Amino acid sequence: MPQDPTERRVVVTGPPRRARRAFGYYRPRTEIDEQTTLGHTYVRSLMRIQLRAGLTVFAVLALLIGPLPLVFAVAPDARRLEWAVLGFGLYPPLVLLARWYVRRAERNERDFVRLVEDR
Amino acid sequence: MNSSYAVPAVALVVLATVLVGAFGLRISRTTSDFYVASRTVGPRLNAAAISGEYLSAASFLGIAGLVLVQGPDMLWYPVGYTAGYLVLLLFVAAPLRRSGAYTLPDFAEARLASQTVRRLAGAFVVGVGWLYLLPQLQGAGLTLTAVLTGVPDWLGGVIVAVVVTVIVAAGGMRSITFVQAFQYWLKLTALLVPALFLVLAWQRDGAPSHAFDEPAAFREQRVVRVEDGLDLRLEKPLTVTVDGTVDGRAHHGTELRLPAGTHHIDGGTRLTFAEGAEVPAAGRGADDALSPSRAESREERPLYATYGLILATFFGTMGLPHVVVRFYTSPHGVAARRTTVAVLGLIGAFYLLPPVYGALGRLYAPELTLTGNADAAVLLLPDRMIGGAGGDLLGALVAGGAFAAFLSTASGLTMAVAGVLTQDVLPSRGVRHFRLGTVLAMAVPLAASLLVGGLPVADAVGLAFAVSASSFCPLLVLGIWWRRLTPPGAAAGMLVGGGSAFLAVAATMTGYPGEGPWHALLAWPALWSVPLGFLTMVLVSLATPGRVPPGTAGVLARFHLPEELRTEVSA
């Protein structure tokens, strides 16, 4: 972050934070509201991080569920295991995965709000 | 079953439903109340309402029946119904609420700004809704005939249809929310309390556990009356006393040793099985072409069928019209997410119970596999295992709960279908037309259930899931996460994915391919039709880059930004 006001003229790639803040009304949120390219970049970053959270939990779900039919097909004698897993065992992990995702998604949103509100 | 308790129980459920609905009616005033309960429903009430709506006849009766007939593989149904909500939570819940639309067609229009896609989505909502309503009405008929002997099949369906139409037309979404929440707890109680007594009875019986082995066996000498003709497939020879016609020859109380192979049993035949005899596998008679035996295709490719089932239920839940409309009633996106977690807990808790009934059914009522009436297992078990006045009371409780299941799911579906009919088909908007739409939404499946009949309850629901998974799932997921989706792409994807799943289902229903690998492919379409839907949507969208709607960036911002940042984005 340049301290010397003369350096300000060199920085052309980022948001002109210091200049606007000097007038007191700049916030990234304005960029989002006005749908500038920069605002879209903010929204994209939120979407990406939320999608990553969703895909991570989905991958865990797929790894958990995917092999089960194969296991049951390979070991037809494990009937009692199949009853236990499908009848009772899978529901707690499903709820835990859901809670994990919600906590992550809400934290992502809080972080994002803090970023754009510049707090 | 003794009907002296069951009839008052069913009547009580219907009456309570109408009363709770009337309570909602008093506070249902505006159009917004009508469609989305003015978006003021908190997570706990909404979660109970979603669960109450979701746990249909297939969950209440169908799963136990399927487990009874086909064994623990069928427990993938409840697992899939629950996991479907997890997938919905991961990719759809919060953005869907933030999209601010009333229905799926509204979502399509808001995202893609295209009337054509809107109408197409509307057509699929109506199709899936009707496909799902059909088994609810049939299940109602089945319950009433199991409870009351001598009642015509159609009466239960007609009662449910009339009650639902009146409630929905009168109170709309607001009253439905209260009705659904009430019915979740009713259904849980109606299955939990008898289950506790049944487990106690099972313990007193010495806790026999061979229900978990394959195949099920008769615990005592049992006479089975075969209602409709069926084909018996025997892995090994079976000794049975026959009073009736087997393989075209009449017998009168003769003990018969049937060699391994397939035997045709005529309707009305009585078979007496000895203690310890294995319960043979039953296929439908050849004369009964309308109900294809999924059991057969499962045996040909069990693994393929299991994965098809998993895919259809995991991805189909998010596209069910009555599920989606519920998310619009949450006050904001964060509440929509938390609601979904609560729903997962509630339906997970409920689904612990049907396997208990299925397992006990294999022990105490294995002959239901032969009578073709396995869906009634839940209703018959209290009487069979406990008997006396206690058994009758518990049976009445179960019958009441089953009716709650039909009423709640049917009202949610009717609500969704009527919403689409009112907004997109009937000439002008307004509450009066909504009432007309309600009547229309219920009349068609009622007529179909009276005309067609005979599709196993859980099977018909599985078909609705497959169509929904291959049409609405790509639309929702790509619409929410992919900015290059175009209206032609969305339309093509829905038509190709959902249309092909629908055709495959229709082909199996008419018994077109008969046997072989083609039959399995068509009977379990989700495994190829879901990827096909996604692929078509992506490829056609990429081929029409010029058709990306101009407002896409703003729309996606609205879907994903937390509400507190949204004050000015509404433009």
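Residue numbers (the working numbering), protein chains in the order written: chain A, 178 to 296; chain B, 738 to 1308.
Idealized CB from N, CA, C, for every residue including glycine.
This one's a predicted model, so the numbers in the text were calculated from it and none came from an experiment.
Inter-residue Cα distance where the pair is B/Leu1130 and B/Gly1138:
12 Å
Distance, A/Leu274 Cα to A/Val234 Cα:
7 Å
Excluding the 5 residues preceding and the 5 following B/Arg1074 in the sequence, name in chain order all residues of the same chain whose CB lies nearer than 7 Å to its CB.
Leu826, Ala830, Ala831
Start and end of the beta strand (DSSP E) containing B/Ile1002?
998-1002
Just the Cα atoms here: how many angstroms apart are B/Ala801 and A/Val220?
47 Å
Could you tell me whether the Cβ atoms of B/Val1154 and B/Pro842 are closer together than 8 Å?
no
Could you check the C-alpha separation between B/Leu833 and B/Asp1003 for me, to the nearest Å?
53 Å
Between B/Ser1278 and B/Gly1235, how many whole angstroms is the CB-CB distance? I'm expecting something under 8 Å.
No, B/Ser1278 and B/Gly1235 are not in contact; Cβ-Cβ is about 16 Å, not under 8 Å.
Where the region 270-281 of chain A meets chain B: residues whose CB sits under 7 Å from a CB there
Leu271, Val272, Leu274, Ala275, Arg276, Tyr278, Val279
Residues bridged to B/Ala987 by DSSP?
B/Thr982
Closer than 8 Å, CB to CB, is A/Ala252 near chain B or not?
no
Counting along the chain, where does the beta strand (DSSP E) carrying B/Ala1010 start and finish?
It is worth fixing the name first, because residue 1010 of chain B is Phe in this sequence and not Ala. Run containing B/Phe1010: 1007-1010, per the beta strand (DSSP E) assignment.
My parser needs the alpha helix (DSSP H) runs of 4 or more residues fully inside the region 1131-1207 of chain B; what are they?
1168-1188
Within 7 Å of chain B by C-beta, residues of the region 223-238 of chain A in sequence order
Leu223, Met224, Gln227, Leu228, Gly231, Val234, Phe235, Leu238
Alpha carbon to alpha carbon, what distance is there between A/Glu286 and A/Thr230?
Before going on, a small fix: residue 230 of chain A reads as Ala here, not Thr. Rounded to whole angstroms, A/Ala230 to A/Glu286 spans 12 Å at the Cα level.
Just confirm the distance between the C-beta atoms of B/Trp1218 and A/Leu238, as a whole number of angstroms; I'd bet it's less than 8 Å.
Wrong, their Cβ atoms sit about 17 Å apart, outside the cutoff.
Using the DSSP secondary-structure output, state which residues sit across from B/Leu868 in a beta bridge.
Answer by DSSP bridge pairing: none, since B/Leu868 is not bridged.
Spatial distance of B/Val1115 from B/Val854 (CA atoms):
42 Å
Residue nearest to B/Phe1296 in terms of C-alpha spacing, selected from A/Ala261, A/Val272, A/Met224, A/Arg256:
A/Met224
Which of helix, strand or coil does DSSP assign to B/Ala976?
What sits at residue 976 of chain B in the sequence shown is Thr, not Ala. Strand.
What is the rounded straight-line gap between the Cα of B/Tyr742 and the Cα of B/Ala1133?
6 Å
I want to verify the contact list: residues of chain B whose CB lies under 7 Å from the CB of A/Leu240, in sequence order.
In chain order: nothing, as chain B lies at least about 13 Å away.
Taking just the CA atoms, how far does B/Leu812 sit from B/Leu933?
20 Å
What does a CB cutoff of less than 7 Å around B/Thr1077 pick up in its chain, not counting 5 residues either side in sequence?
Tyr822, Leu825, Leu826, Ala830
Bridge partner(s) assigned by DSSP for B/Leu993:
B/Val977
In DSSP terms, what B/Val961 is bridged to
B/Leu1008
State the Cα-Cα distance for the pair A/Arg291 and B/Leu749, rounded to the nearest angstrom.
53 Å
Top-ranked residue by Cα proximity to B/Arg1099, from B/Asp1112, B/Phe1087, B/Tyr1088
B/Asp1112
Indicate whether at least one CB of chain B lies closer than 8 Å to the CB of A/Leu215.
no
Thinking just about the alpha-carbon of each residue, which of B/Phe797, B/Val1071, B/Pro809, B/Met1122 is nearest to the one in A/Arg281?
B/Val1071
Contact residues within the region 1288-1302 of chain B, judged by C-beta distance below 9 Å to chain A:
Ala1290, Gly1291, Leu1293, Ala1294, Phe1296, His1297, Leu1298, Pro1299, Glu1301, Leu1302
Tell me B/Glu1104's beta-bridge partners as DSSP assigns them.
DSSP lists no partner for B/Glu1104.
Nearest to B/Arg835 by CA position, among B/Thr1245, B/Val1061, B/Pro1254, B/Gly1270, is which residue?
B/Val1061
Given that B/Trp813 touches chain A, what residues does it touch there, using C-beta distances under 8 Å?
Pro246, Leu263
Cβ-based burial, B/Gly779 [other Cβ within 10 Å; buried from 16]
exposed
Find out if the Cβ-Cβ distance for the pair B/Leu1040, B/Ser1205 is shorter than 8 Å.
no
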